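Undergrad:
Protein chains: 2
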Amino acid sequence: MGITKSQIFTESQNDLAHFFKVLGHPARVAILQHISVQNACICNDLVEEIGLAQATISQHLKELKSIGLLDGEVEGKSMCYCINMDRWNTIQEQLNLFFNTTKSNCC
Amino acid sequence: MGITKSQIFTESQNDLAHFFKVLGHPARVAILQHISVQNACICNDLVEEIGLAQATISQHLKELKSIGLLDGEVEGKSMCYCINMDRWNTIQEQLNLFFNTTKSNCC
DNA sequence: TTTTTATATTGCAATATTACGATAATAAAT
DNA sequence: ATTTATTATCGTAATATTGCAATATAAAAA
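Chains as they are written, first to last, in this note's numbering: chain A, 729 to 835; chain B, 729 to 835.
1) Residue 742/B touches chain A at which residues, Cβ-Cβ below 8 angstroms?
2) Do we get a CB-CB distance below 9 angstroms when we pair residue 806/B with the residues of chain A?
3) Within the same chain, show all residues whose beta-carbon is closer than 6 angstroms to that of residue 819/B, passing over the 5 residues directly before and after it, in chain order.
4) Residues of chain A with CB closer than 7 angstroms to the CB of residue 790/B, please, in chain order.
5) What residue ranges within the stretch 732-776 of chain A form continuous alpha helix (DSSP H) runs of no fewer than 4 residues, ordered along the chain?
6) Between the Cα of residue 794/B and those of 765/B, 749/B, 736/B and 741/B, spot the shortest distance and give me the residue it belongs to.
7) Would residue 734/B pass as an interface residue toward chain A - the criterion being a Cβ-Cβ separation below 9 angstroms?
8) Can you tell me whether residue 735/B is buried or exposed? The criterion is at least 16 other CB atoms within 10 Å of its CB, across all chains shown.
9) Looking at the C-beta of residue 673/A, does it have a partner C-beta in chain B at a distance below 9 angstroms?
10) Whole angstroms are fine: how far does the CA of residue 816/B sit from the CA of residue 827/A?
11) Using C-beta distances below 6 angstroms, list every residue in its chain close to residue 798/B, excluding the 5 sequence neighbours before and after it, in chain order.
12) Any idea which residues DSSP pairs residue 799/B with across the strands?
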């Protein structure tokens, strides 16, 4: 086993869980915070500030890109990673919708 | 390796990532929705409605309990799982705080 | 052109997660 | 007391994730 049975869930449940999952790693939380708060959008700056190997950071960046949260722009020989604010806001809304519609309780 | 390097992140980053991670599985999203929307708070009802093995659902319930999102109450020979609304709201606020304070962008 | 610098990709080892059958534990029903 | 029903835990197999070294790629600098 070991494989998530996506077929038995709705697309919306799978999508929502996927957003949560991508955000569910401290390195990816840290990357987003560094980019936004410290303006460290250059890939190599993130490697130095966070303290994981370059290959590892690159992998985490790829996952954040996979849900559209980050846009990468070539800047000379570096890469500048920026938060896609439209996507950011959309995902925040989706998460809030989940929290707000799941409020009623049985007991 | 395969082990997350929690030591290099702040407690707040680890906590936040952990909340996201627990919510990052469609079965756990489904469980929360079933409990709240369909009032199916009895463990066995969840097993039947969701369609995963009883042992698997029990494991997912345990993870939701681990971040305080679910309270379990014995009800005869069954268990009634309810959402802890205080915790629910607190976590929603934390996630929104993250989204709101990570808004500013560099490029 | 060669070297340097920055990032992505590949391959791999260690660990974690998902899922389930089997079994234990507990409480109601007979 | 025995049976039945419900949930938790254990053990295990399959898969996924994390992390890094090594290597490939690409662009600027020398």
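Backbone N, C-alpha and C define an ideal beta-carbon position, used for all residues, glycine too. Bear in mind that the values here come from a model prediction, so they are computed numbers and not experimental data.
TA: On the basis of the coordinates in this document:
1) Against residue 742/B, the close residues of chain A are 754, in the order they occur along the chain (beta-carbon pairs closer than 8 angstroms).
2) At a cut-off of 9 angstroms between beta carbons, residue 806/B makes no contact with chain A.
3) So the qualifying residues of the chain are 747.
4) In chain order: nothing, as chain A lies at least about 17 angstroms away.
5) Fully enclosed alpha helix (DSSP H) runs of no fewer than 4 residues occupy 739-751 and 754-765 of the stretch 732-776 of chain A, in order along the chain.
6) The alpha carbon of residue 794/B has as its nearest neighbour, out of 765/B, 749/B, 736/B and 741/B, the alpha carbon of 749/B.
7) Taking Cβ atoms only, chain A reaches closer than 9 angstroms to residue 734/B, which makes this a yes.
8) Residue burial is scored here from C-beta neighbours: residue 735/B has fewer than 16 other C-beta atoms within 10 angstroms and is therefore classed as exposed.
9) Here chain A covers residues 729 to 835 and nothing more, so residue 673/A does not appear.
10) Their backbone Cα atoms lie some 8 angstroms apart in a straight line.
11) Excluding the 5 residues flanking it on each side, residue 798/B has same chain C-beta neighbours closer than 6 angstroms at 792 and 809, in chain order.
12) Answer is 810/B.
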